[in-house]
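Structure record follows, encoded as structure tokens.
Protein chains: 2
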Amino acid sequence: METLDEKRYMVEETAGYAPSIGRLLSMMHYVRITTLEAAQGLTSEELDYRIGGQGNSIGCLLYHMACVEEVYQIVTFEDRNPTETEFEKLGVGLELGEKAHQIICNRDLSFYIEQLSHARARTMELFTGKDDSWLDEVSPFGQDHEANNYFRWFHVFEDEINHRGQIRLIRRHMEKNR
Amino acid sequence: METLDEKRYMVEETAGYAPSIGRLLSMMHYVRITTLEAAQGLTSEELDYRIGGQGNSIGCLLYHMACVEEVYQIVTFEDRNPTETEFEKLGVGLELGEKAHQIICNRDLSFYIEQLSHARARTMELFTGKDDSWLDEVSPFGQDHEANNYFRWFHVFEDEINHRGQIRLIRRHMEKNR
Chain X
2 METLDEKRYM
12 VEETAGYAPS
22 IGRLLSMMHY
32 VRITTLEAAQ
42 GLTSEELDYR
52 IGGQGNSIGC
62 LLYHMACVEE
72 VYQIVTFEDR
82 NPTETEFEKL
92 GVGLELGEKA
102 HQIICNRDLS
112 FYIEQLSHAR
122 ARTMELFTGK
132 DDSWLDEVSP
142 FGQDHEANNY
152 FRWFHVFEDE
162 INHRGQIRLI
172 RRHMEKNR
Chain D
2 METLDEKRYM
12 VEETAGYAPS
22 IGRLLSMMHY
32 VRITTLEAAQ
42 GLTSEELDYR
52 IGGQGNSIGC
62 LLYHMACVEE
72 VYQIVTFEDR
82 NPTETEFEKL
92 GVGLELGEKA
102 HQIICNRDLS
112 FYIEQLSHAR
122 ARTMELFTGK
132 DDSWLDEVSP
142 FGQDHEANNY
152 FRWFHVFEDE
162 INHRGQIRLI
172 RRHMEKNR
């Protein structure tokens with residue numbers, strides 16, 4: 002998270018990484034900044050707010066993002082599915098829904114930031130030493146499809162943007178209706 | 002929109018385009034498929050629905066996506082800001098809000114699909130013949146920043162994903178509350 006602000010609107014190579022991997026990390030970095038901005042200043046109570054008491058809270062969505070990143074680390078860098086123990090930890094965040102809302106609540110923003118930062122630091126480490134051809138490696142995706150590693154990491158930030166959009170909507174709704 | 006479904010989870014080069022441009026278009030294409038899926042089957046009335054009568058309708062968000070794409074065509078390929086006449090046409094969609102909701106309503110899904118397809122066909126045409134170094138070209142972005150063309154087109158699909166996330170949330174809310 003140390004990129005200078007003047008680099009904010011550049012998708013470009015990242016020092017220490019292969020060219021296409023660098024551009025990918027550059028996009029992931031921009032997305033993370035905007036996620037953190039979308040949640041900036043929220044209290045624990047606000048992080049648990051749900052529109053009409055339904056759907057996901059902002060806190061659950063932030064937690065989900067960290068879990069998605071972690072599961073894709075396992076899938077792409079270790080080339081395996083999560084173990085039962087790992088899934089016990091990550092499943093709640095991955096699946097969201099009512100169960101997540103019961104468990105992931107009453108936390109300060111710093112808790113979610115810590116989860117996200119921890120996952121990202123590991124991602125940056127894991128990408129070191131990979132070359133661009135790794136992005137093109139193809140393996141099964143679900144029951145019926147195949148995906149390359151570029152898609153999988155695109156999907157990690159694509160899912161984050163999707164939920165950042167929802168965080169912005171939930172926050173606006175909360176601020177208008179209290 | 003003719004990519005075969007088995008290519009859905011691949012971010013890869015696109016025939017007829019430079020390598021990095023091809024990957025970018027591949028991501029844009031995936032995002033567009035998921036946007037259309039998120040709105041699939043909605044009636045005119047459903048496209049105008051707003052949560053608690055507030056915020057953006059799904060229709061307005063779809064229209065916004067087409068306008069964003071069109072304005073970035075002007076900015077990046079013609080290297081200029083939109084003219085007053087262009088802004089008269091695009092402004093409502095770009096700015097969203099209450100005004101957009103008054104004007105962009107009572108339309109069938111086919112209207113929005115047509116706007117999106119029209120914009121995308123032009124984008125695909127404009128990218129033909131550009132080489133990857135064009136993505137690195139830097140020019141002013143707003144009052145105080147600079148951006149490269151890669152960022153600008155990343156931003157086009159990034160904004161679309163953001164709003165697709167909101168479309169999914171609005172749709173789920175609508176389906177639960179009627």
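Line order of the protein sequences matches chains X and D.
Residue 40 in this note's numbering sits at position 39 of the first sequence; the count goes up by one each step and never skips.
Residue 20 in this note's numbering sits at position 19 of the second sequence; the count goes up by one each step and never skips.
Note that CB positions come from ideal geometry on N, CA and C, so glycine has one too.
None of these values were measured; they are calculated from a predicted model.
Measuring alpha carbon to alpha carbon, tell me which of D:R165, D:Y151, D:D160 ends up nearest R24 of chain D.
Your numbering for residue 24 of chain D matches position 23 in the second sequence. From the listed residues D:R165, D:Y151, D:D160, the smallest Cα separation to R24 of chain D is found for D:Y151.
Please list, in chain order, the residues of the region 66-84 of chain X that have any C-beta partner in chain D closer than 7 Å.
none
Taking Cβ-Cβ distances shorter than 7 Å, what residues in chain D pair up with V12 of chain X?
Reading the first sequence from its first residue, position 11 is the one you call residue 12 of chain X. Neighbours of V12 of chain X on chain D, chain order: N149, Y151, F152, F155.
Between I34 of chain X and I171 of chain X, which are expected to be in contact by the criterion C-beta below 8 Å, what is the C-beta distance as a whole number of angstroms?
Indexing the first sequence from 1 puts residue 34 of chain X at position 33. Indexing the first sequence from 1 puts residue 171 of chain X at position 170. The Cβ separation is near 19 Å, so there is no contact.
Is the CB-CB distance between H102 of chain X and C68 of chain X below 9 Å?
In the first sequence, residue 102 of chain X corresponds to position 101, counting from 1. In the first sequence, residue 68 of chain X corresponds to position 67, counting from 1. Against a cut-off of 9 Å, the Cβ pair of C68 of chain X and H102 of chain X comes out as no contact.
For I162 of chain D, which residues in chain B fall below 8 Å Cβ to Cβ?
Going by chain labels, chain B is absent from the structure shown, which instead holds the protein chains X and D.
Beta-carbon contacts of L95 of chain D that lie in its chain and below 6 Å, excluding the five residues immediately before and after:
Counted from its first residue, the second sequence places residue 95 of chain D at position 94. The beta carbon of L95 of chain D lies closer than 6 Å to those of C68 in the same chain, with the five residues before and after it left out.
The alpha helix (DSSP H) with A39 of chain D in it runs from where to where?
For the purposes of this step, residue 39 of chain D is identified with residue 38 of the second sequence, where counting begins at 1. Residues 20-40.
Report the rounded CA-to-CA distance for Y64 of chain D versus S111 of chain D, giving the unit in angstroms.
Mapped onto the second sequence, residue 64 of chain D falls at position 63. Mapped onto the second sequence, residue 111 of chain D falls at position 110. Rounded to whole angstroms, Y64 of chain D to S111 of chain D spans 11 Å at the Cα level.
Can you pull the chain D neighbours of F142 of chain X, defined as C-beta to C-beta under 7 Å?
Counting from 1 along the first sequence, the entry for residue 142 of chain X is found at position 141. Here the neighbours are Y10.
Answer with yes or no whether the minimum CB distance from Y50 of chain D to chain X is below 9 Å.
Position 49 of the second sequence, counting from 1, holds the residue named residue 50 of chain D. Closer than 9 Å: no.
Just to confirm, is the Cβ distance from V32 of chain X to F128 of chain X under 9 Å?
Taking the first residue of the first sequence as 1, we reach residue 32 of chain X at position 31. Taking the first residue of the first sequence as 1, we reach residue 128 of chain X at position 127. Against a cut-off of 9 Å, the Cβ pair of F128 of chain X and V32 of chain X comes out as no contact.
Candidates X:H146, X:K131, X:S118, X:L26: which alpha carbon is nearest M11 of chain X's?
The residue given as residue 11 of chain X occupies position 10 in the first sequence. Minimum Cα distance to M11 of chain X is reached at X:L26.
Partners in chain D for R173 of chain X, counting only beta-carbon separations shorter than 8 Å
Locating residue 173 of chain X in the first sequence gives position 172, where the first residue counts as 1. Contact of R173 of chain X with chain D by beta-carbon distance below 8 Å involves G56.
In chain order, which continuous runs of the alpha helix (DSSP H) of length 4 or greater are located wholly inside the region 87-148 of chain X?
98-104, 110-128
Buried or exposed by the 16-neighbour rule on C-beta atoms within 10 Å, applied to E7 of chain X:
Start at 1 with the first residue of the first sequence, and residue 7 of chain X comes out as number 6. E7 of chain X comes out exposed.
Once the 5 residues before and after I75 of chain X are set aside, which same chain residues still bring their CB inside 8 Å of it?
Sequence index remark: in the first sequence, residue 75 of chain X carries index 74 (1-based). These residues qualify, in order along the chain: R81, N82, P83, E87.
Output, in chain order, the set of chain D residues within a Cβ distance shorter than 8 Å of D137 of chain X.
Numbered from its first residue, the first sequence carries residue 137 of chain X at position 136. Result: E13.
N- and C-terminal bounds of the alpha helix (DSSP H) containing V69 of chain X:
Translated into the one-based positions of the first sequence, residue 69 of chain X becomes position 68. Segment 59-78, the alpha helix (DSSP H) holding V69 of chain X.
Give the range of the alpha helix (DSSP H) segment to which M11 of chain D is assigned.
Reading the second sequence from its first residue, position 10 is the one you call residue 11 of chain D. Element bounds for M11 of chain D: n/a, residue is neither H nor E.
Classify I104 of chain D: buried if its beta carbon has 16 or more other beta carbons within 10 angstroms, exposed otherwise.
Stepping through the second sequence from its first residue, residue 104 of chain D is reached at position 103. It is exposed - the Cβ of I104 of chain D has fewer than 16 other Cβ atoms within 10 Å.
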